[in-house]
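Undergrad: Under my numbering, the first residue of the sequence shown is numbered 29, with each subsequent residue one higher.
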Amino acid sequence: MNTTKLEIFNVARALFIQKGFKKTNISEITKEVGVAVGSFYNFYSSKEEVFLDVFLKEDQKLKKQIMTSINFDREISTVLVDLIPQLLDGMKENPILVEWYKKENFKNIIKKVGEPYMEKSNVEDVFYPFFLEIVGKWQSQGKLDSKRDREYILALFNSVAFIDIHRDEIGEKHFPRLLEDLIHFIVKGLEP
Numbered sequence: 029m030n031t032t033k034l035e036i037f038n039v040a041r042a043l044f045i046q047k048g049f050k051k052t053n054i055s056e057i058t059k060e061v062g063v064a065v066g067s068f069y070n071f072y073s074s075k076e077e078v079f080l081d082v083f084l085k086e087d088q089k090l091k092k093q094i095m096t097s098i099n100f101d102r103e104i105s106t107v108l109v110d111l112i113p114q115l116l117d118g119m120k121e122n123p124i125l126v127e128w129y130k131k132e133n134f135k136n137i138i139k140k141v142g143e144p145y146m147e148k149s150n151v152e153d154v155f156y157p158f159f160l161e162i163v164g165k166w167q168s169q170g171k172l173d174s175k176r177d178r179e180y181i182l183a184l185f186n187s188v189a190f191i192d193i194h195r196d197e198i199g200e201k202h203f204p205r206l207l208e209d210l211i212h213f214i215v216k217g218l219e220p
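#1: How about F83 and L125: are their beta carbons less than 8 angstroms apart?
#2: Do F37 and V78 have their beta-carbon atoms positioned less than 8 angstroms apart in this structure?
#3: What do you reckon, are the CB atoms on L34 and I57 nearer than 8 angstroms?
#4: To the nearest whole angstrom, what separates the beta carbons of V215 and L90, a pair I think is in contact under 8 angstroms?
#5: Looking at the unbroken alpha helix (DSSP H) that takes in V163, where does it start and where does it end?
#6: Considering only residues of the same chain and omitting the five flanking positions on each side of G170, which have a CB-CB separation below 8 angstroms?
#7: With a threshold of 7 angstroms on Cβ separation, who are the neighbours of E208 within its own chain once the five nearest residues in sequence on each side are excluded?
#8: Given a threshold of 16 other Cβ atoms within 10 Å of its Cβ, counted over all protein chains shown, does E86 qualify as buried or as exposed?
#9: Closer than 7 angstroms by C-beta to G62: which residues in its own chain qualify, once you throw out the five before and the five after it? Chain order, please.
#10: Suppose the cutoff is 8 angstroms on Cβ atoms and the five residues either side in sequence are ignored; what does the same chain contact list for N122 look like?
#11: So what's A64 in DSSP terms, helix, strand or just coil?
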């Protein structure tokens with residue numbers, strides 16, 4: 029990464045953590061870096077683009093941390109009962125990743141940056157291929173139905189994480205148990 033782009037990235041990251049996405053502006057970022065506002069646009073097309081760059085790197089860091097903390101050789105339900113709450117808690121504890129929970133804001137960020145950015149993004153999602161491999165391993169060990177598409181199985185597991193957005197509607201007192209039960213029901217339904 030170019031030195032100036034890296035400085036912009038690091039300063040933007042610090043400001044997003046300190047002030048949040050909405051309250052951070054490009055002129056603050058460039059002032060702290062010591063470059064003109066126009067120089068920002070040599071590296072990023074918008075505040076949303078630098079935010080998404082920071083968001084994706086933070087997401088990658090969290091997933092790598094989770095990958096090293098979980099023993100994937102245990103019973104599938106046990107792995108998922110450990111993994112999904114770690115992922116959700118990690119997102120809520122990180123001031124950048126928590127923006128994902130602000131649905132309208134995040135949708136607008138994605139909409140403004142668009143698919144071309146996502147396609148050219150240099151952030152490698154190490155978690156997705158790793159987890160696809162784990163699902164394949166579970167299938168080859170006979171723990172999951174080998175006739176099911178691995179990506180579909182992963183989508184089922186991902187859907188459990190997405191219900192966290194509706195935690196308030198579900199009710200806090202039911203949520204932890206509901207999450208565990210859903211994991212167990214999905215795994216049971218995917219067994220050969």
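Backbone N, C-alpha and C fix where the C-beta goes; we use that ideal spot for every residue, glycine too.
TA: Well, looking at it:
#1: For the purposes of this step, residue 83 is taken as the residue at position 55 of the sequence shown. For the purposes of this step, residue 125 is taken as the residue at position 97 of the sequence shown. Yes, Cβ-Cβ distance for F83 and L125 is below 8 angstroms.
#2: Reading the sequence shown from its first residue, position 50 is the one you call residue 78. Reading the sequence shown from its first residue, position 9 is the one you call residue 37. Yes. Within cutoff.
#3: In the sequence shown, residue 34 corresponds to position 6, counting from 1. In the sequence shown, residue 57 corresponds to position 29, counting from 1. No, the pair does not count as a contact, with Cβ atoms beyond the cut-off.
#4: Locating residue 215 in the sequence shown gives position 187, counting from the first residue. Locating residue 90 in the sequence shown gives position 62, counting from the first residue. Incorrect: roughly 23 angstroms between the Cβ atoms, too far for contact.
#5: Taking the sequence shown and counting its residues from 1, the one referred to as residue 163 is at position 135. Run containing V163: 155-168, per the alpha helix (DSSP H) assignment.
#6: The count along the sequence shown starts at 1 and reaches residue 170 at position 142. Only P220 meet the Cβ criterion.
#7: Numbered from 1 along the sequence shown, position 180 holds the residue referred to as residue 208. V109, listed in sequence order.
#8: On the sequence shown, position 58 is the one that residue 86 refers to. It counts as buried.
#9: On the sequence shown, residue 62 is found 34 positions in, with the first residue counted as 1. Excluding residues within five positions, none has a Cβ falling inside 7 angstroms.
#10: The sequence position of residue 122 within the sequence shown is 94, counting from 1. Closer than 8 angstroms at the Cβ level, and outside the excluded window around N122, lie E86, L90.
#11: By one-based count along the sequence shown, residue 64 stands at place 36. In this structure, A64 counts as coil in the three-state DSSP scheme.
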